[in-house]
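Below: the structure, in structure tokens.
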Amino acid sequence: MYHWIAAVAPRRATGPLSFFTGWFSVLGWIFTTASTNIIYAQILMALIALYNETLEIKAWQTFIVYQGLNLITASIVMFGNRIIPGLNKFSLFYLQIGWLVVLITVAACAPTHRSAEFVFGTWINNTGWENQVICFITGLVNPLYSLGGLDGVTHITEEMPNPSRNAPLAIAITLTIAFCTGITYLITLMFSIQDFDALTTNNTGLPLAELFRQVTQHAGGAFGLTFILFVALGPCVVSSQLSTGRVFWAFSRDGAMPFSRIWAKVHPRLQIPLNSQIAVTTVVALLGCLYLGSSTAFNSLLGTAVTINNMSYMVPILTNLLTVTVCWLTFAIVFFSFPYVQPVTVQNMNYTCVVVGGLVLLISGWLFRVGSEYTQTMLKAKEE
505 MYHWIAAVAP RRATGPLSFF TGWFSVLGWI FTTASTNIIY AQILMALIAL
555 YNETLEIKAW QTFIVYQGLN LITASIVMFG NRIIPGLNKF SLFYLQIGWL
605 VVLITVAACA PTHRSAEFVF GTWINNTGWE NQVICFITGL VNPLYSLGGL
655 DGVTHITEEM PNPSRNAPLA IAITLTIAFC TGITYLITLM FSIQDFDALT
705 TNNTGLPLAE LFRQVTQHAG GAFGLTFILF VALGPCVVSS QLSTGRVFWA
755 FSRDGAMPFS RIWAKVHPRL QIPLNSQIAV TTVVALLGCL YLGSSTAFNS
805 LLGTAVTINN MSYMVPILTN LLTVTVCWLT FAIVFFSFPY VQPVTVQNMN
855 YTCVVVGGLV LLISGWLFRV GSEYTQTMLK AKEE
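Structure below.
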């Protein structure tokens, strides 16, 4: 995306706009990878807790699982590059089969079903926000997060056959499938809820696992349905690792990262940017340490990922004067920095604005250090 903005931006603004867009893209993908890894770890811990109702999941346990999964998925990217296309094809079909299995099982096994009034007309607000509109808006961060990696395909176009056709097609197909499966999935789950309060007070730490337990009335049934999700998320985390490593490498190749020459190297035998992938894996591992200090602070990375990704989308769109899109992205960036609950405390604060503000200052400082050389690189690419 930072090359796109370099191509369309005014000559004087080419360097800074491209630089910030590139950094927002890199950081957005790093936060996305870290947050998908923690979700992956939480699902695995929920699987364990389903068979041990007395288990109280500790932060350090989830942290260890997080680090293990980070290493496994990164190893697949680094040493199993040839199997990733097959893994993605498997994921495409598995997701549809898994969606259908969960959909039918939940609908058929639920002891009772909620009314249409409950599903479509009942408002449950446990956030503390008295303003229902703000409550609704801040709640949009989760569904938008699930679609936050749409630009991932653009970071591997150099390794894709016929990218001018296949890249846009992949994005369009992703959106279509996500909408159709997502809306039917959510409606089915809402109709099948048995005990709403228990969804957030169970020992698994995962509301969906508890819903499956309520529906099947058996730990084994809940385990099976949750395991379908666990397998489905695996290729997603691998793809996130892959996209993050590639955009990190591309940005290093253009001289924008610290120690760019190291990260820009391609391994002669593996034919992948191994150094960049190791750097990304290390940063994701370090971010996981936040979970030991505060799970709330780490979980705010989800909102940070959405916000920074939106900022990376916004700059190229802004130069094309797509007013409606820019207004929506501005709206989202502002409101997704709001606290999710009231009253606000140190523990439940949404630190997205702090993280984003700090990163902007650091990026600005680095721009003064390498901006001149980077601008020349982008201007040369612009002329070509």
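Convert by adding 504 to the 1-based position in the sequence shown; the result is the number in the numbering used here. All C-beta atoms, glycine included, are put in the ideal place defined by N, C-alpha and C.
| Item | Value |
| --- | --- |
| Cβ-based burial, Gln851 [other Cβ within 10 Å; buried from 16] | exposed |
| Backbone CA spacing between Ile552 and Asn646 [nearest angstrom] | 25 Å |
| Limits of the alpha helix (DSSP H) - the one that Gln565 falls within | 563-583 |
| Outcome for Ser756 when other beta-carbon atoms lying within 10 angstroms are tallied against a minimum of 16 | buried |
| Whole-angstrom distance between Leu883 and Gly906, CA atom to CA atom | The shown model of the chain, from 505 to 888, leaves out residue 906, and the question about it has no answer. |
| Beta carbon of Thr453 nearer than 9 Å to that of Tyr555 | Only positions 505 to 888 of the chain appear in the structure, and residue 453 is not among them; the question remains open. |
| Span of the alpha helix (DSSP H) around His507 | 506-512 |
| Selected residue, minimal CA-CA separation from Ile534, among Thr748, Glu887, Phe683 | Thr748 |
| Distance between Leu822 and Ser798 (C-alpha atoms, nearest Å) | 36 Å |
| N-terminal and C-terminal residue of the alpha helix (DSSP H) that Thr626 is part of | Careful: Thr626 lies outside any alpha helix (DSSP H) and carries neither H nor E. |
| Backbone secondary structure at Cys793 - three-state DSSP | coil |
| Alpha carbon of Val854 to alpha carbon of Ser804, nearest angstrom | The sequence shown places Asn at residue 854, not Val. Straight-line Cα distance between these residues: approximately 6 Å. |
| Whole-Å CB distance - Thr708 paired with Ala550, under 8 Å assumed | 4 Å |
| Supposed contact pair Tyr598 and Ala501 - C-beta distance, whole angstroms, cut 8 Å | A question about residue 501 goes unanswered here, because the residues of the chain that appear run from 505 up to 888. |
| Three-way DSSP call (helix, strand, coil) for Gly759 in this model | coil |
| At least three beta-carbon pairs within less than 8 Å, the stretch 710-725 to the stretch 630-642 | no |
| Cβ-based neighbour list, Glu557, same chain, cut-off 7 Å, excluding 5 preceding and 5 following | Asn707 |
| Close beta carbons around Asp699, own chain, < 7 Å, minus the five adjacent residues each side | Gln718 |
| Boundaries of the alpha helix (DSSP H) in which Leu604 is found, first to last residue | 588-613 |
| Nearest candidate by alpha-carbon position, reference Asn519, set Tyr878, Arg873, Ala676 | The amino acid at residue 519 is misidentified as Asn; the sequence shows Gly. Here the closest residue by C-alpha is Tyr878. |
| Test item: CB-CB of Trp603 and Thr730 under 9 Å | no |
| Spatial neighbours of Asp758 in its chain, beta-carbon cut-off 6 Å, leaving aside the 5 residues before and after | Thr881 |
| Asn629 classed as buried or exposed, judged by whether at least 16 other C-beta atoms fall within 10 angstroms | exposed |
| Reduced DSSP secondary structure (H/G/I, E/B, other) of Arg669 | helix |
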